[in-house]
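Novice: Taken in order, these protein sequences are the chains called A and B.
Residue numbering for the first sequence follows this note's numbering, starting at 914 and increasing by one per position.
Residue numbering for the second sequence follows this note's numbering, starting at 5 and increasing by one per position.
Think of the CB as a built atom: it goes at the ideal place given N, C-alpha and C, for glycine as much as any other residue.
Owing to the predicted nature of the structure, the values given are computational and were not obtained by experimental measurement.
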Amino acid sequence: MTLTKADIVAEVYAQGLLTKAEAADAVERSLDLIKEALAAGEEVLVSGFGKWSVRAKTERRGRNPQTGDPLTLPPRRVVTFRPSRVLKARVQEEGSLASSAPAEEKPEPRPAGNGPDKSRVLRPGYF
Amino acid sequence: MNKSQLIEALAKAEGLTIKKAEMVINTMFGSVEEALVRGDRVEIRGFGSFKVKDYDGYQGRNPKTGEIIDVGKKKLPFFKVGKELKERVDS
């Protein structure tokens, strides 16, 4: 199944604070605001969800994949998304009980000689 | 722009209270997150789409010690930029 904008609007409406029209406008506006910020080169950080940023790509030589002709690709700006650690962990544990996971995730002192914990690599400094 | 700035901007632009704007933003990202946790795709025209990508396990090395480690299979959320957003950012 695919979640669409209409489904999101329906969920916002279901919270009971807005009319259907208000919910639709608010969702549309939120997306516009995010797009505007990115178009202005700004980063958008939704903590607990992820971060969109704009990266500048330098000019590079490429090839037309069909004819093999060399061509120069101009410098451009692209949007990248990095999911937050929280979102990654939740997607990872899909199928298991989400509510029971935080307790299991607590780091426990490992008995000596058991080798390093290979299951997780936490990068400090990333939200 | 962070989440609280987005909430404020939305409240201002739509004439909503902060509480209502906060509900909109939280519900939006909450429903995207729930869909991804279920393994569903999310498609928002003009903005982009989200899906969960499966990655196979592989053998890697600890860059510090050189020790060989097994990296297990994993699932990661992935965002593909939509056409409109892509064009707006690059113009």
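#1: Answer yes or no: does any C-beta atom of chain B fall closer than 8 Å to that of Ser960 (chain A)?
#2: Whose C-alpha, out of B:Gly52, B:Glu12, B:Ser8, is nearest the C-alpha of Lys918 (chain A)?
#3: Opposite Glu47 (chain B) in the DSSP bridges: which residues?
#4: So with Cβ pairs under 8 Å, would you call Ser943 (chain A) a contact of chain B?
#5: Alpha carbon to alpha carbon, how far is Ala973 (chain A) from Leu986 (chain A)?
#6: Rounded to whole angstroms, how far is the Cβ of Gly954 (chain A) from the Cβ of Val999 (chain A), which I believe are closer than 8 Å?
#7: Which value, in whole angstroms, describes the spacing of the CA atoms of Lys55 (chain B) and Leu951 (chain A)?
#8: Along the stretch 969-993 of chain A, what residues have a CB closer than 9 Å to any CB found in chain B?
#9: In chain order, what residues of the same chain lie with their CB nearer than 7 Å to the CB of Asp982 (chain A), ignoring the 5 residues before and after it?
#10: Please state whether the Cβ-Cβ distance between Leu946 (chain A) and Leu20 (chain B) is less than 8 Å.
#11: Just how far apart, CA to CA, sit Ile73 (chain B) and Asp60 (chain B)?
#12: To the nearest angstrom, how far is it from the Cα of Glu18 (chain B) to the Cα of Val46 (chain B)?
#13: What residues from chain A crowd round Glu37 (chain B), counting only those whose CB sits closer than 8 Å?
#14: Would you list, in sequence order, the uninterrupted alpha helix (DSSP H) runs of no fewer than 4 residues that lie entirely inside the stretch 934-1021 of chain A?
#15: Lys87 (chain B) CB to nearest chain A CB: under 8 Å?
#16: Please confirm if Ile29 (chain B) has its CB atom under 8 Å from at least one CB of chain A.
Specialist: According to the structure data:
#1: yes
#2: B:Gly52
#3: A:Thr917, B:Ser53
#4: yes
#5: The question names Ala, but residue 973 (chain A) is Arg in the sequence shown. Between Arg973 (chain A) and Leu986 (chain A), the C-alpha separation is close to 5 Å.
#6: Not a contact, Cβ separation roughly 26 Å.
#7: 21 Å
#8: Arg989, Arg990, Val991, Val992, Thr993
#9: Arg976
#10: no
#11: 14 Å
#12: 25 Å
#13: Phe962, Leu1000, Arg1003
#14: 998-1005, 1014-1018
#15: no
#16: yes
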